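Residues 5 to 566 in the numbering used here are what the sequence shown lists, from first letter to last.
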Amino acid sequence: MSVVRRFALGLTAAGALSACGPRTARDVPISHPARSQGGFFRDVTAAAGVEFRHSNGLTRALHPNLLQTTGSGCGVLDYDGDGLLDLYLVDGSHPTGGGNRLFHNRGEGRFEDVTGPAGVRAQQYGMGCAVGDYNADGRPDLYVTNYGDNVLYRNNGDGTFTDATRDAGVAAAGWSTAAAFFDADGDRDLDLYVGRYVRFNEKSKQLCETAGVMGGCNPAEYQAEPDILYVNQGNGKFTDGTARAGLRDPNGRALGVLVDDYDGDGRPDLFVANDGSACYLFHNEGGGRFKELGVPAGVAYSVGGRPLASMGCDWGDYDEDGHLDLVIGSFEGEIEGLYRGLGGGLFVFSATAAGIAEATSRVLTFGVGFFDYDRDGDLDLAQVNGHVHPLIETVDPEAPYRQPRQLFENEGGGRFKDVSAAAGGEFTRPEVGRGLAFGDYDNDGRVDLLVSNNGQPAVLLRNEVANANHWLGLRLSHPRGEAYVLGARVTVSTGTHRWTRFARTAYSYAGANDPRVFFGLGANAGAAAVEVRWPDGQKTRVAGVAVDRYIDVAPGGLPAAR
Numbered sequence: 005m006s007v008v009r010r011f012a013l014g015l016t017a018a019g020a021l022s023a024c025g026p027r028t029a030r031d032v033p034i035s036h037p038a039r040s041q042g043g044f045f046r047d048v049t050a051a052a053g054v055e056f057r058h059s060n061g062l063t064r065a066l067h068p069n070l071l072q073t074t075g076s077g078c079g080v081l082d083y084d085g086d087g088l089l090d091l092y093l094v095d096g097s098h099p100t101g102g103g104n105r106l107f108h109n110r111g112e113g114r115f116e117d118v119t120g121p122a123g124v125r126a127q128q129y130g131m132g133c134a135v136g137d138y139n140a141d142g143r144p145d146l147y148v149t150n151y152g153d154n155v156l157y158r159n160n161g162d163g164t165f166t167d168a169t170r171d172a173g174v175a176a177a178g179w180s181t182a183a184a185f186f187d188a189d190g191d192r193d194l195d196l197y198v199g200r201y202v203r204f205n206e207k208s209k210q211l212c213e214t215a216g217v218m219g220g221c222n223p224a225e226y227q228a229e230p231d232i233l234y235v236n237q238g239n240g241k242f243t244d245g246t247a248r249a250g251l252r253d254p255n256g257r258a259l260g261v262l263v264d265d266y267d268g269d270g271r272p273d274l275f276v277a278n279d280g281s282a283c284y285l286f287h288n289e290g291g292g293r294f295k296e297l298g299v300p301a302g303v304a305y306s307v308g309g310r311p312l313a314s315m316g317c318d319w320g321d322y323d324e325d326g327h328l329d330l331v332i333g334s335f336e337g338e339i340e341g342l343y344r345g346l347g348g349g350l351f352v353f354s355a356t357a358a359g360i361a362e363a364t365s366r367v368l369t370f371g372v373g374f375f376d377y378d379r380d381g382d383l384d385l386a387q388v389n390g391h392v393h394p395l396i397e398t399v400d401p402e403a404p405y406r407q408p409r410q411l412f413e414n415e416g417g418g419r420f421k422d423v424s425a426a427a428g429g430e431f432t433r434p435e436v437g438r439g440l441a442f443g444d445y446d447n448d449g450r451v452d453l454l455v456s457n458n459g460q461p462a463v464l465l466r467n468e469v470a471n472a473n474h475w476l477g478l479r480l481s482h483p484r485g486e487a488y489v490l491g492a493r494v495t496v497s498t499g500t501h502r503w504t505r506f507a508r509t510a511y512s513y514a515g516a517n518d519p520r521v522f523f524g525l526g527a528n529a530g531a532a533a534v535e536v537r538w539p540d541g542q543k544t545r546v547a548g549v550a551v552d553r554y555i556d557v558a559p560g561g562l563p564a565a566r
């Protein structure tokens, strides 16, 4: 067994806290200088005015405890409804940092820090964020998870937020990580699932020795912190419905949370990526009840029945067989958790068959997700990496603390090709990666990436892939609120192909993503047909949709594109 593998087993994730009318100006692609040579992605952080450096509160030189190794997630949202994605970056320890930051997208590739005026600085020890319109007023609200009490910000609609945590009853306390808004009980309002990690405080054991090096302890040293399902009462308040829903997780240690209808029965299911213990797949049985099926479905463990040090995660049909597949970020020395959906609620571990086993075993992955970076119509895979121990290289020089990001291009036939080097030096620059949010901030039909690094500056990577492929983006809206939108199944058809995606925001690691549903169409330039199956079972069908633009879709049909 290699030194790296021994270290990985010692720590697990010791720190892996682990029909269209004219467009308006808001959908006209933003002008940028010519793309850099030799790469698909360009670091535009400084040029865009995004100044943020994550603070982890590390005071012991190179000896972080479990909390300090975690890092934080990040998110994108259109908080002011102007059609441009804004950025939210979550900070860690506030004594040495500036707190969380909200950057307003001004267009033309520039952002403005509006944290103070908006009222969302939230100087707790931040972990992540989730976005959802919990009060159905048409405006996205923001939930921030923390080590300590969480915070719910109600969107006032005038560029400001109000702290509604106490009124809503969703503080949670303890150590929360990833969270997701979704309609868990079918009553057509958004409930809130909060993933939590371990019970850890100043009296807990802070450091452990592994392979002769002091650092954060194995998470198994601490008791798990149970997750919580907050059930929306429809009056701005939530109640704890965890027990009634059957969402028991005595040994969870959650770092990733996903919501999607993996078996196509019309009800949203819940996946929880747990660090160093079995992952959970909660099947929605209806009536607000769930049944845990991780083991029989084949997603609870890795090969050989071993638990993964699971961090970020995502659903996506990468092999285009009509069944959702699953990816889970894992520890260095482990093969990444890639599970191919077989249908019938079953999955098979497929990282080796997909060609990513060797490359992913050399890194420690937090943020991860499927997206079509080159708009050719199939789902590619991006992830951000970084170790949890600053002194890992003293144990094994081939295991760096700062690690490059990775991009895997879908080759078809269920296989990926590592194209990280071709993505450009700015993409692969070694950093201590944690959060990874996906969203087209400049509305040019290319999905961009927002990266949060532990104890380092955030990075905004603009997608500048140059090809003639076509695309279509859909903004779904429903007059009765977002509970009728999240989880919607969207199918786009052209003369030669058919693609299916889902409306969702909660995936990757402790963050929020572009709420629009994006389709790469390859060479298909002709009009497309769109079908939306809404969460309430209703369907909307529209034919003759022009491509290469964002359009609005509502239950009544297709309003003029904005």
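The C-beta atom is built at its ideal place from N, Cα and C for all residues, glycine as well.
As the structure is a computational prediction, the values presented were derived from the model and not from experiment.
Nearest neighbour of Ser-306 by Cα position, chosen from Arg-271, Leu-211, Tyr-343, Asn-60, turns out to be Tyr-343. Three or more pairs of CB atoms, one per stretch, sit closer than 8 angstroms, so the segment 476-486 contacts the segment 529-547. The Cβ atoms of Gly-199 and Ala-176 lie no closer than 8 angstroms to each other. As summarised for the segment 294-327, the continuous beta strand (DSSP E) elements at least 3 residues long and confined to that stretch are 317-320, given in chain order. In the structure shown, Pro-223 adopts helical secondary structure according to DSSP, grouped into three states.
Short of 8 angstroms from the beta carbon of Phe-351, and not among the five residues preceding or following it, lie these beta carbons of its own chain, in chain order: Ala-301, Gly-302, Val-303, Asp-329, Leu-330, Tyr-343, Arg-344, Gly-345. Less than 8 angstroms divides the Cβ of Gly-443 from the Cβ of Val-80.
Here Trp-475 is near Gly-449, since their CB atoms are less than 8 angstroms apart.
With fewer than three CB-CB distances shorter than 8 angstroms, the segment 485-494 does not count as touching the segment 403-420. A direct Cα-to-Cα measurement between Cys-221 and Trp-179 gives close to 16 angstroms. In the DSSP annotation of this structure, Glu-289 is not part of any alpha helix (DSSP H); the continuous beta strand (DSSP E) holding it starts and ends at 284-290. Of all alpha-carbon atoms in Leu-211, Gln-227, Arg-466, Asp-195, the one lying nearest the alpha-carbon of Leu-70 is that of Leu-211. Within the DSSP secondary-structure output, Arg-553 pairs in no beta bridge.
Counting only runs that start and end inside the segment 433-469, the beta strand (DSSP E) elements of at least 3 residues fall at 437-443, 452-457, 463-467. By DSSP's assignment, Ala-183 forms a beta bridge with Val-198. In its chain, beyond the 5 residues on either side, Gln-128, Thr-169, Ala-175, Ala-176, Ala-177 have a beta carbon closer than 8 angstroms to the beta carbon of Asp-153.
Under the DSSP assignment, Val-399 falls outside any beta strand (DSSP E), being part of the alpha helix (DSSP H) whose first and last residues are 396-399. Within the segment 55-128, the runs of alpha helix (DSSP H) that reach at least 4 residues and sit entirely inside it are, in chain order, 119-122. Leu-465 is a Cβ neighbour of Arg-46, given a cutoff of 8 angstroms. In this structure, DSSP gives Thr-49 a helical state, which the three-state scheme calls helix. It is roughly 6 angstroms from the alpha-carbon of Phe-107 to the alpha-carbon of Tyr-92. Between the C-alpha atoms of Asp-191 and Asn-236 there is a straight-line separation of about 9 angstroms.
Between Thr-500 and Val-135, the gap from beta carbon to beta carbon reaches 8 angstroms or more.
By the beta-carbon neighbour count (other beta carbons within 10 angstroms, threshold 16), Arg-203 is exposed.
In the structure shown, Ala-258 falls within a strand segment according to DSSP collapsed to helix, strand and coil.
In the three-state DSSP reduction, Ser-365 falls in the helix class (H, G or I). Arg-105 is classed as buried because its beta carbon has at least 16 other beta carbons within 10 Å across all chains shown. In this structure, Pro-254 is the residue among Asp-267, Leu-262, Arg-271, Pro-254 with its C-alpha nearest to the C-alpha of Ala-282. DSSP places Ala-249 inside the alpha helix (DSSP H), whose first and last residues are 246-249.
Taken through DSSP and simplified to helix, strand or coil, Asp-378 comes out as coil. From the listed residues Arg-406, Gly-75, Gly-87, Leu-454, the smallest Cα separation to Glu-336 is found for Arg-406. Partner residues in the beta bridge of Glu-413, as assigned by DSSP, are Lys-421. If you draw a straight line from the Cα of Gly-416 to the Cα of Gly-381, it is about 10 angstroms long. In the displayed model, Asp-171 falls within a helix according to three-state DSSP. Gly-123 and Thr-149 do not touch by the CB rule: their CB atoms are close to 18 angstroms apart, not below 8 angstroms.
Counting the other Cβ atoms within 10 Å of the Cβ of Glu-112 gives fewer than 16, which makes it exposed.
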